[in-house]
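Quick notes on the structure that follows.
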Amino acid sequence: MIPRHVNPVQWQQAQGYARQACARIFRDGGSPAEACRAFGLEGAAADWAVAVDRIALMLCAPGLRQAA
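Using my numbering, read the sequence shown as starting at 10 and increasing by one per residue.
Laid out in structure tokens, this is it:
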């Protein structure tokens, strides 16, 4: 399900990138939690689908602006 605040095209692209990254981690014997940690996300993901969704959502999140 696409989050309402995310552009659908951006979401599909982020999903594809997250799936590819998770596939590489899975192939190397990693876990969903390791995939999340690779992208700087805290907490353990229950399974690969959750990890992919969390990574895609992180990729779609707007960057925080920093004061000068």
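All C-beta atoms in this analysis are idealised placements derived from N, C-alpha and C, irrespective of residue type, glycine included.
Just so it is clear, the structure is predicted and the values come from calculations on it, not from any experiment.
C-beta contact flag for A32 and P41 at 9 angstroms:
Against a cut-off of 9 angstroms, the Cβ pair of P41 and A32 comes out as no contact.
Which runs of the alpha helix (DSSP H), 4 residues or longer, sit entirely within the region 17-54?
Runs of the alpha helix (DSSP H) inside the region 17-54: 17-36 and 41-47.
With a Cβ-Cβ cutoff of 9 angstroms, do A30 and A47 count as a contact?
Yes, they are a contact pair.
Using CA atoms only, rank isn't needed, just tell me which of P71, A70, G49 and A44 is closest to V59.
Comparing Cα positions, the closest option is A44.
Let me know if A55 comes out buried or exposed under the rule of 16 or more other beta-carbons within 10 Å of its beta-carbon.
It counts as exposed.
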